[in-house]
Every structure is written in C-alpha cells, then in structure tokens.
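Step one of this worksheet: look at the structure below.
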Amino acid sequence: MEKLILIDGNNIIYRAFFAMPPLTNASGQQTNAVYGFTTMLLRLIEEHKPSHMMVAFDAGKETFRHADYQDYKGGRQKTPPELSGQFPLLKELLKGLGVSQFEISGYEADDIIGTITRQADEAGRQVMVVSGDKDMLQLASGNTTIAVVRKGVTEIEYFGPEQIKERYDLTPEQIIDLKGLMGDASDNIPGIPGVGEKTALKLLHQFGTVEQVISRTDELKGKMKEKIEEHADSAVLSKKLATIYREVPLELSLDDMKFDGLNQETAGPALAKLEFKSLIERLDLSTHAGADAAEGAAKQAQVNVTVVHAGELAEVKEALDSVQVLHVETHGDNPHHAEVIGLALATEQRQFYIPFEVLKSEEAEPLRAWLADSEIPKRGYDLHRLDLALHWQGIAFAGAAFDVHLAAYLLDPTESNQSLSGLAGKYGLSYLQADEEVFGKGAKYKVPDEAVLSENLARKCLAVSELVPIQEKELEANGMLPLFHELEMPLSRILADMEKQGIAVNVEDLKELGREFESQIEKLVQQIYEIAGTEFNLNSPKQLGEILFVKLQLPVIKKTKTGFSTDAEVLEKLAPYHDIVRLILQYRTIAKLQSTYVEGLLKEISDRTGKVHTYYRQTIAATGRLSSQYPNLQNIPIRLEEGRKLRKVFVPSEPGWSILAADYSQIELRVLAHISDDERLKEAFIHDMDIHTKTAMDVFGVSEDQVDANMRRSAKAVNFGIVYGISDYGLSQNLNITRKEAAAFIDQYFEVFQGVRRYMDEIVKQAKQEGYVKTLLERRRYLPEINASNFNLRSFAERTAMNTPIQGTAADIIKLAMVQMDKALQEKKLKSRMLLQVHDELVFEVPEDELEVMKKLVPEVMSHALKLSVPLKSDVSYGSNWYEAK
DNA sequence: CATAGGAGG
DNA sequence: CCTAGCCTCCTATGA
C-alpha cells in the first residue's frame, strides 16, 4: 500500500528552532532546528513507514499572494540568522537520509503540498500532511490526513474530515472561511477586527461561508452587524489569502518522492557531519558507508596487531599482497627533518607494527621494495609527509592511491582539526585517541611503550580504512572525485618531488648581503637613537610608540588594542612631521630583510644538500591555494629593489644551467571575466589589453591617451578590490580618498561592468542558499556565517563568497598546469626540473640545451591548462638566478 | 602564547 | 553612524 508523507519544511524547522535549546556543533554552527526536525522526521518514519515522502520548502521572497496584498506576512519577524543558517544544513542532511525535497520559485510550501494532495485525491492515493499550521486542515479529505504538530515538535494530532467536524463542526473547505473571518496575526492577514475563533465559528455554523455572512448581515444586529459590514472587503481578501493554491505547475511524479527507508550508505555520514551521534546510535546506523551495522560495531572493537621484531619478518612479507593501508608515525613539524618512529601496515584482518630499526635492516628489503613500488596502491593519512620523512632516511615511497588527509581537506578546507583522530571523531569513530593523549605534547612528547604505540598505530590504520569509503561517497556526491584523483592526489607526489629536489642557494652571496644589511642597520640605529635622544628597542612597537607619541608628541593616527599603532601606513602619514620617521621606515625594511630572509634562510639551508627544501602544504589554504613553510619560498621580496636582490642567491644546482620562471598574467581577473561572463571584461582580455588602463578608460569614460598615471592607479586598486570582494571603506583606505568617493567609484565600475555586478550578487545569493561556494573544478568552501546577524561576520562571509571562486579557480588552474607540466617533462624525457610554485608563477632549473624547448613549452602548458572563454597568458623569462629571471 | 608588523600573491 | 579588503608564513616583543 502506498503511503505518502508531505512535510511543510519551513513550518517544521521554524517550530523546531524555537522549541529546542540552542545546540551547536564543534565548529560553532547552531544545529538545534535541524536536530528537532530530524527527531520528528525519524519518528514519523518509524510510526507510519511511508513508501513515499517529500519535504516542501518556500522559495522566493515574492509569492503571488503579494500581488493581492503587499503586506502579506508583513508583520512577521525576519527569520533569525541563527535559523536561516540551518536551512542549507537541513537540505544537505535530507539528501543524505534519502528523503526527497522540493521548492519552486514564487510559491510557498503549502501551495506545493496543496497541489500534490489535490493530485493524490484525484488518483485516490493516501497522503499525510505534516505541519504546525492549522490552515492545512482545509486540505483534509477522505484520502488526506493532516498531522498537526504541537508543543514544539513533540506532539502530533491527526485530523481527517471527521475530526474536523468533531472539533469545529466545519467541513475542511470552511477552514478557509474561518480564517477569512478571524484573520491570522502571524501572517498579517487582517480578517474582521474583534472576530475571534468563537464568533467566527458561530457565524459559520449559521451562514456557512464568508460570502453568505456578508450578504445576509440583515439577519444580524448591533455592533457585530456594523463591523462585518465595515470590514466585508477585508474578510473576502483574507479568505483569498488563506486559500491554499492547489494548481502549482509541478513536474513531479510519485517516483520522485519514493522513500526506500534511510539511505544506509549516506545517512550515517550525513548525521555524523552534524555531530548527531545519539541519533546514529539510536538508528544503529554505521558511519562506515556500505557496511552493515553489526559489522561496523564489530570492527570498532578489534584491532589485532603484531609487533614485528628483528628476524620476524616472514609473516609480514607473506601478508604484503593483501595490505590495504599503511601509516608511518613521525615526529617533528618539518617533514624534511622528521624522525621516523615506525611503520604500521594493515590487511583487512590484522595489523603489523614494524619499528624503524627493523624497517632499516637488511632483511626488510622486500618491505622497502613494496613501499617503493608505484604499482601497488596505498591508502593512508598524509602520505606526502610520510614520503618526505622516509626519503631522508633513504627509503623510497610510491603508489599513493588515497590520502584521507587530502580528501578531508577537499570535503571541508576550513576544518580546524585535520588530525586523523579529529577526522575519525567527526565520523563517529571514537576509538582513536588524539596524538596528544598518546604521545604528550610539546616538550613532553614521548614515544609510549611498544604495546601502547602499536595499538595506537593499528587503530590509525583501522580509522583510515573506515574513512576511505565514507569519503569516497562524499566526494562522489559532491562531484569532487575528478578533483581528488586527477588533481590533488597526483599533485601531492609532484610537490614531494619538488621539495626533495630543493633549490640551491649561494651561501656566500647571501652572507655578503647580510653584512651589507648589518652595516646599514647599524647606521640607521645610531641616527635614530641620536635624534630620539635615547636608546631603546626599535623592534618593540611599544617602546617605539612611547618615543613617537609621548616624547616627540607626534599625532596619533591609529591605535591598536594594546596601544599606539606604528605600522607602515601610520609612519607614512607621520613622515612629514619628523625626520626620524623616514629612518624608522628604512630600519624596518632592512631589519625585516635581515632577520627573516638572510638569517631565516641561512638557518634553513640543508647541510645534506646545501639547498633549501621548502614544504608545500596542500591542506591549509581555504581557497585551494598551496602554502609554503620551512622556509616560506612564496614570499621572497620582489616589490622593493633592496629586497628583490635576495633573489640573486637562488641559483641553479648544476653548472651551466639556468633558472626559468613563468607567471600567469592577470589570472584572477581573467578567471573573473570567465565566471562572470562580463562582455566588456572578456573583450579586454580577448584583445590582450592592459587591463588597468582599459578599466580606467571605461570607468572614467575617456580614451586611452587620456588615461593618466593616477587614473590607472585608481583603476588598478578597484580591480584588486573587485577580486577581494570590494567595500567602499577598503578602497578608500587604499586610494586615500573618502568613503563616499570610493563608493561612487565602485558604483561607476559596476555600471560599466554589469556582468561583474551580476556575478557578485548571484554568488552571494547562492552562498546564502546553499551554504557554500565552489570553483570551476568543484572545489568547495562552506560559509556558515553567510547568514549571521553580526555585520562583521556576515560581511566577511559575503566577501569570501565573492573572492573564493576567483582565487580558488586560479589555484585550480596552476595546479592543473603543474600536473600537466610534470607529465610533459617525463614524456619528453627532459632533464629540466620544476622547483617552485608561487601562486601564479612556476620556477624551473633548466640545462642549457633545453632552454629553447622550455621557453616555449612552459607558457604553452600553462596557458592551455584549462580552457576558459578568455585566453590565459603566461610570460616566461630566464637567467643565471631567480633575480635575473624577471 | 598572543600581538604587532611585514613579506608575497 | 559604525563595522571594514582576500589568502598565507615568519620574526620579534612581552605578558
């Protein structure tokens, strides 16, 4: 027997929100309304065992009702942001549970439900409507039961035509008349003033309909008669507003609402994501996709780990063919210098722990060959780090097939706890302790005894093997499998290769630079002390503030929360007042170069190779960019000549080779042109115009030769602002103009680039609806604060919504170029090596006889990495060091 | 361990 | 009227 349940999504989540205490998950996202909704939903499923189910939502601000009555729902409080942020969560959860949902622009949920019940009536199908709104009673019929939810969401009262007759002595149709007379304060439906439920019922029992009441007022007397005559129009309008529209153009078939029980594969993970652990337990769901609950539970309980000592490797070697997962325990932040503790391997049935001394021993050679075999697929957590740590111990690693760390990053790049135990916990795998608990933290770090250690590593392996299928499902559901398998996984191996290779540094030149900086610093410091009339610590903003603003009485431009601000922006403004300020600015510049780039870089030169080996981090930046550590080679100075000189110390590692660098020209604005589909912007790039000049021409409405330096500078600032999610304040700061002027500027820009304006509006709207934004390659970033009531939080999220698809797509593109470049170098058997990536730039070292090829190949690959509606442009140059390659 | 400041895209 | 640019990493102070 078919049984369809229709749920008024907006009404129920609203009720749940006010009924439930404010529950939040670990990331601070409020989830109480989703929780309340879910408990009610699960109860309905249990009690009624529906064969079909659908949750209907309101969509679109203006419904057709506003055409009749502008104030419709006018008095209603705006949806609290703490609630609106939960809509995307609920919609995502419903997907995971396998419950269909529907909304159609311009109609409310009850119209959708009204239309479906009409169709069901016509077909003679059983339907149950769930809502807290008594209006729904008008839909009751022999086939349609109305479940009215009360007391928050804890009680349900069922109404068919008989129950309505019993309670009100009315037919379902008369419910509309009832509301027409009494109105509804919450929807701002007026009704007749002074007529409440009691009077309305009395009138309807006597006359039957609103129309009859109005036309037969002569049968009434006194105040009542006057009021009804006076507000007759209002009653008719109110009746119309209260009538559920049952002719919505729906293209829904019954099959679209099929419900085959909770989706056993995705329900657990979806609930786990919201941290509804009690519900998972209650439903006996496994968070392990595809596994049955009993199996999942059994797996949690048992690890079966064998510690492999010297001379005991036979068993491991035999089991190698069936090993699925590995884990290498390391210690230390910098993987190039990490200590390797040991290796854990896991088959489906058991785990092995091989201490590092054993792994190094001669008899473990087959094990190392297994590790190095790229044809053997391996799963694990942070395989990139493991690869580097093993490499410096002389052990090769290849065959990374699934890295749960990378997968977790794609599924939520802003997740703060990316540790394996954090990840496991997120999916309800509670058997894995945090590393801090097992090893201690900071100076207290200590490898526990073998029994504890091997148990922990075995559990890590188990967690990985449980996470892989869950994440695979989620990646698939998000359309991210290609991004994962074809971009991020291959890239992680390429990054490891680049890092192992490292870039050579000319130590003598670097030290010489350091001596030059040192003497400049000494001079500056002496002059500053002299002018100040006292010695103090120039590196202390606190002491410096004291000198500038107390002793020298310079005007205070800006304050920080701890005192006077002395940053460069402030000092620039103070420069005209006092000679000391220029000197301080110079000191700051040189001191920065000395401490961070000369001394910092010297510390990072490897005594094994004489090179610097940065560590690219693939799972940090929320937009999908890489970041670089130990040292950071993505912020080597270039803008000021003094600092740019540092690039001279980055040299080829082999005599006669060159450094070759290629960078994308205006990649972010080109990406913007593509995704916004702005005709003017696209045209500028199709004709390869100077984009800032072109912007100035269009915004100021002048010809090319009328654009002066100042206009171009302003246009450039606006272009940057656009990419970052512009605010008039930000632009005004940047250009040193008033906020009004900046606002006018931005307006003018959007007037000219209307496609860009449309994109900015659309992307924010989309983010508010879906809860996330994505790049061209489907990389996601969730924006839980997009509906916050706090202005700052919300504005921040809105700018992020505008910026992330741009910056993120640019990141996607250069990553694609790296994968393609790596392939091209291999296929063409070139000796040239890719060494560095700096967001929009790739740096190579190239032998003399490959220069000509590489000069063509690199820009060729970069500009065709991804086909956009505008050309991608890449400029290439080379020289005897990074400075010369400009 | 937090804050200020500054280097890059 | 006010809030107040996007994404990072590193060094120095000073509590």
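Under the UniProt record's numbering, the first sequence has 443 at position 443, and the numbering climbs by one with no breaks.
Beta carbons are placed, not taken as given, at the ideal position from N, Cα and C, and that holds for glycine.
Residue nearest to GLU339 in terms of C-alpha spacing, selected from LEU776, LEU390, TYR749: Check the Cα spacing between GLU339 and each of LEU776, LEU390, TYR749: the tightest is with LEU390.
| said: For TYR759, which residues in the same chain have their Cβ closer than 6 Å to its Cβ, ignoring the five residues on either side in sequence? | reply: Cβ within range, chain order: SER676.
Out of TYR427, PHE87, LEU44, GLU466, point me to the one whose CA is closest to ASP58's CA. Cα-wise, what sits closest to ASP58 is PHE87.
> Which runs of the alpha helix (DSSP H) fall wholly inside the region 230-287 and span at least 4 residues, in chain order?
Replying inline: Segments of the alpha helix (DSSP H) lying fully in the region 230-287: 232-242, 267-273, 277-283.
Practice task
Pair every Cβ in the region 264-282 with every Cβ in the region 83-98, then say whether three or more of these pairs are closer than 8 Å.
Solution key: Taking a cut-off of 8 Å for Cβ pairs, the region 264-282 and the region 83-98 touch, as three or more such pairs fall below it.
Item to complete: Just grab the DSSP bridge partners of PRO355 for me.
Response: Per DSSP, GLY342.
Taking the Cβ atom as the reference point for each residue, do LEU6 and VAL130 lie within a distance shorter than 8 Å? Against a cut-off of 8 Å, the Cβ pair of VAL130 and LEU6 comes out as a contact.
Exercise for review: Enumerate, from N- to C-terminal direction, the unbroken beta strand (DSSP E) stretches of 3 or more residues contained entirely within the region 838-881.
Suggested key: Taking only runs of at least 3 residues, the beta strand (DSSP E) segments lying wholly in the region 838-881 are 841-846, 874-879.
query = Would a C-beta distance cut-off of 8 Å place TYR381 and LEU420 closer than the cut-off?
reply = In this structure, LEU420 lies closer than 8 Å to TYR381 by Cβ.
Query raised in the report: Does the region 861-876 come within contact of the region 666-675, defined as at least 3 CB pairs closer than 8 Å?
Result: With the cut-off at 8 Å, the region 861-876 and the region 666-675 touch.
Under 8 Å: do the region 411-426 and the region 306-314 share three or more Cβ pairs, one atom per stretch? No: fewer than three Cβ pairs fall under 8 Å.
_By alpha-carbon positions, which one of TYR107, ALA56, VAL153, SER100 ends up nearest to ALA19?_
When each option's Cα is compared against that of ALA19, the closest is VAL153.
Could you check whether VAL752 and ILE763 sit closer than 8 Å to each other, using their CB atoms as the reference points?
Taking C-beta atoms as the reference points, ILE763 and VAL752 fail to come closer than 8 Å.
What are the residues that DSSP puts in a beta bridge with ALA504?
Bridge pairing for ALA504: LYS611, VAL651 [DSSP].
(Q) For GLN212 and ARG65, I'd like the C-alpha separation in whole angstroms. (A) The straight-line gap separating the alpha-carbon atoms of GLN212 and ARG65 is approximately 24 Å.
Check your understanding: Between ALA16 and the rest of its own chain, which residues show a CB-CB distance below 6 Å, the 5 nearest in sequence each way excluded?
Key -> Once the five neighbours on either side are set aside, the close Cβ partners of ALA16 are ALA33, GLY36, PHE37, VAL153.
Q. Anyone know if the C-beta pair for VAL819 and LEU285 falls short of 8 Å?
A. No, the Cβ-Cβ distance between VAL819 and LEU285 is not below 8 Å.
| query | For ARG216, does the count of other Cβ atoms within 10 angstroms reach 16, so buried, or fall short, so exposed? | reply | Here ARG216 is exposed: its Cβ has fewer than 16 other Cβ atoms, across all protein chains shown, within 10 Å.
Q) Thinking C-beta only, is ASP177 closer than 8 Å to VAL210? A) Yes, the pair counts as a contact, with Cβ atoms nearer than the cut-off.
Item checked: LEU406 vs THR619 beta-carbon contact at 8 Å -> In this structure, the beta-carbon distance from LEU406 to THR619 falls below 8 Å.
**Q.** Same chain only: Cβ atoms within 7 Å of LYS558, ignoring 5 sequence neighbours per side
**A.** Cβ-Cβ distances below 7 Å link LYS558 to SER565, VAL570 in the same chain, with the five nearest sequence neighbours on each side left out; the list follows chain order.
Taking buried to mean at least 16 other C-beta atoms within 10 Å of its own C-beta, is ASP607 buried or exposed?
-> Flag for ASP607 reads exposed.
**Q.** Counterpart residues of HIS687 in DSSP-defined beta bridges
**A.** In the DSSP output, where bridge partners are listed per residue, HIS687 has none listed.
Discussion item. Can you tell me which residues form a DSSP beta bridge with ALA400?
Written reply: Partner(s): LYS378.
Q | 4 or more residues per run - each alpha helix (DSSP H) lying fully within the region 544-569 | A | Considered as a whole, the region 544-569 harbours no complete run of any alpha helix (DSSP H) with no fewer than 4 residues.
Quiz item: Touching or not, the region 466-481 and the region 352-363, by the rule of three or more beta carbon pairs under 8 Å?
Solution: Not touching, per the Cβ criterion.
Contact the region 252-266 vs the region 37-52: 3+ CB pairs below 8 Å:
Judged by Cβ distances under 8 Å, the region 252-266 makes contact with the region 37-52, as three or more pairs qualify.
### Query
Leaving out five residues before and five after PRO161 in sequence, what residues of the same chain have Cβ atoms less than 8 Å from its Cβ?
If we look at PRO161 and ignore the five residues flanking it on each side, its Cβ neighbours are ALA140, SER141, GLY142, THR171, PRO172.
- [ ] Can you say whether ALA185 is buried or exposed, counting buried as having 16 or more other CB atoms within 10 angstroms of its CB?
- [x] By the neighbour-count definition (other C-beta atoms within 10 Å, threshold 16), ALA185 is an exposed residue.
Discussion item. Report the CB separation of ARG246 from THR115 in whole angstroms; it is logged as a contact under 8 Å.
Written reply: Between ARG246 and THR115, the beta carbon gap of about 5 Å places them in contact (Cβ cut-off 8 Å).
Distance, Cα to Cα, LEU252 vs GLU679? Looking at the two C-alpha atoms, the distance is approximately 37 Å.
Please tell me whether LEU313 and LEU326 are closer than 8 Å, where the distance is taken between their beta carbons. Not a contact, by the Cβ cut-off of 8 Å.
Margin query: By the three-class DSSP mapping on this structure, what secondary structure does LYS460 have?
Written below: It is helical.
- Task: Classify LEU386 as helix, strand or coil using the three-state DSSP reduction.
- Result: Reduced to three states, the DSSP call for LEU386 is helix.
- Can you say whether PHE397 is buried or exposed, counting buried as having 16 or more other CB atoms within 10 angstroms of its CB? Here PHE397 is buried: its Cβ has 16 or more other Cβ atoms, across all protein chains shown, within 10 Å.
Distance, Cα to Cα, GLN138 vs ASP812? Distance between the alpha carbons of GLN138 and ASP812 is about 53 Å.
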